[in-house]
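The end of the sequence shown is residue 409 by our numbering, with every number in the run present. Beta carbons are placed, not taken as given, at the ideal position from N, Cα and C, and that holds for glycine. Every value quoted in this text rests on a predicted model; they were computed, and no experiment measured them. Working notes, structure below.
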Amino acid sequence: MTAPIPRDIPDLPAIPGMPALLPSPVPATAVVAPAPRPLTAVFRLLTALAATTGVTIHLLLGSPPRVLSHFTIQSSILLALVFTLSARRSWTARRPLPATLTGATLLYVLSAALVHHLLLANEASPFAMPASITGDTTPTLLQDIADHTLHTAVPIAALLDWLLLTTPGRLHLRQASGWLLYPLAYLAFSFARGEFLLPGAPGRYLYSFLDVDRHGYKGVLGNALLLGLSVYAVAVLLIALDHARPNPIRHRTKTGFRLQPPVG
Numbered sequence: 146m147t148a149p150i151p152r153d154i155p156d157l158p159a160i161p162g163m164p165a166l167l168p169s170p171v172p173a174t175a176v177v178a179p180a181p182r183p184l185t186a187v188f189r190l191l192t193a194l195a196a197t198t199g200v201t202i203h204l205l206l207g208s209p210p211r212v213l214s215h216f217t218i219q220s221s222i223l224l225a226l227v228f229t230l231s232a233r234r235s236w237t238a239r240r241p242l243p244a245t246l247t248g249a250t251l252l253y254v255l256s257a258a259l260v261h262h263l264l265l266a267n268e269a270s271p272f273a274m275p276a277s278i279t280g281d282t283t284p285t286l287l288q289d290i291a292d293h294t295l296h297t298a299v300p301i302a303a304l305l306d307w308l309l310l311t312t313p314g315r316l317h318l319r320q321a322s323g324w325l326l327y328p329l330a331y332l333a334f335s336f337a338r339g340e341f342l343l344p345g346a347p348g349r350y351l352y353s354f355l356d357v358d359r360h361g362y363k364g365v366l367g368n369a370l371l372l373g374l375s376v377y378a379v380a381v382l383l384i385a386l387d388h389a390r391p392n393p394i395r396h397r398t399k400t401g402f403r404l405q406p407p408v409g
């Protein structure tokens, strides 16, 4: 038999030390509508147009299958697409593209430019190649312009866009390893393309450090490992710089709106 329930239940003692609610800042986009950025849109559209022009010149002057097999051409096409979409979003005041996509695009374009200037176009390099993307050892003036556009002008424009026209702190270290999947896939593509073409065919291997006939698979894999580590180091450097650089597009007028704990 259970005890009867008492009619008068004593009040529970108050819990001491209730934590106070901390003020929570509200993002500016929650109270202020994002504004269009026409100058940013124009700059990105011009960068995409420059990349498209360089790719088009090489396609018209060379063999399209060979030209499209270059890492520089593929990364430039990706940049043209990404910057066109980014320009549209800046013009219409929409949210920017994911940082994973824009960061990967910047990394690929910068890597192609660094490989070109430090390894391929450098006469002191053991991997120097006098031929242009089209395979001509004596490129024309138009081919030189296209080469400098894709290997110099476009990467510089992409880097300036990232430094001066984007919000910092959006890149993270966990993204760096994922960005290496495309260079790894390109290495497999280079091997497959070399096996498909006949031995001794011109342009069988488009990059001297990936030439299996010259270095063998062991040497090429060693070159690819060193190059992959270098690309990863560039990615880590970009991520560190992204968290250290100031915000170039911070709004001058702050709303000052903060959530405060309830009164009473």
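heavy atom of the ligand SAH below 8 Å from residue i C-beta
i: residue 275; result: The ligand SAH is absent from the structure shown, which contains no ligands of any kind.
Pairwise C-alpha distance: residue j and residue i
i: residue 307; j: residue 343; result: 42 Å
i: residue 357; j: residue 369; result: 12 Å
i: residue 348; j: residue 237; result: 44 Å
i: residue 375; j: residue 297; result: 19 Å
i: residue 309; j: residue 222; result: 22 Å
i: residue 323; j: residue 251; result: 14 Å
i: residue 203; j: residue 353; result: 20 Å
i: residue 242; j: residue 226; result: 12 Å
i: residue 195; j: residue 333; result: 29 Å
i: residue 219; j: residue 246; result: 15 Å
i: residue 392; j: residue 293; result: 30 Å
i: residue 263; j: residue 270; result: 7 Å
i: residue 318; j: residue 373; result: 16 Å
i: residue 345; j: residue 339; result: 10 Å
i: residue 290; j: residue 200; result: 11 Å
i: residue 326; j: residue 253; result: 11 Å
i: residue 184; j: residue 320; result: 29 Å
i: residue 193; j: residue 229; result: 6 Å
i: residue 206; j: residue 304; result: 28 Å
i: residue 379; j: residue 337; result: 27 Å
i: residue 266; j: residue 259; result: 10 Å
i: residue 268; j: residue 239; result: 46 Å
i: residue 208; j: residue 216; result: 15 Å
i: residue 231; j: residue 224; result: 10 Å
i: residue 394; j: residue 388; result: 15 Å
Best match in the options for proximity to residue i [C-alpha to C-alpha]
i: residue 381; options: 208, 209, 249 and 230; result: 249
i: residue 255; options: 295, 275 and 280; result: 295
i: residue 386; options: 316, 192 and 331; result: 316
i: residue 371; options: 273, 206 and 329; result: 329
i: residue 182; options: 311, 388, 336 and 293; result: 311
i: residue 97; options: 273, 239 and 220; result: For the chain, the structure presents residues 146 to 409; residue 97 sits outside this window and is missing.
i: residue 275; options: 206, 303 and 351; result: 351
i: residue 314; options: 184, 216, 390 and 240; result: 390
i: residue 299; options: 180, 185 and 197; result: 197
i: residue 335; options: 366, 384 and 321; result: 366
i: residue 257; options: 231, 301 and 244; result: 301
i: residue 383; options: 244, 394 and 341; result: 244
CB contact check: residue i to chain D, cutoff 9 Å
i: residue 244; result: Here there is only one protein chain, and chain D is not present.
Could you name each continuous alpha helix (DSSP H) segment of 4 residues or more that falls completely within the region 275-332, going from the start of the chain to the end?
The qualifying runs are 286-293, 299-310 and 319-324.
Contact between the region 286-293 and the region 345-362: three or more CB pairs below 8 Å?
Output reads no: the region 345-362 does not touch the region 286-293.
Every unbroken alpha helix (DSSP H) within the region 197-263, with a cutoff of 4 residues, ordered by chain:
For the region 197-263, the full-length alpha helix (DSSP H) segments reaching 4 residues or more read 209-213, 216-236 and 244-260 along the chain.
Counting Cβ pairs, one atom from each stretch, are 3 or more of them under 8 Å apart for the region 268-280 and the region 195-215?
Between the region 268-280 and the region 195-215, the count of Cβ pairs shorter than 8 Å is three or higher; the stretches touch.
I want to know whether the region 222-235 touches the region 183-195 - three or more CB-CB distances under 8 Å.
Touching, yes.
Would you mind listing the alpha helix (DSSP H) stretches within the region 319-393 that are 4+ residues and don't spill past its ends, in chain order?
Secondary structure within the region 319-393: the alpha helix (DSSP H) runs of 4 or more consecutive residues, fully enclosed, are 319-324, 326-341 and 357-389 (chain order).
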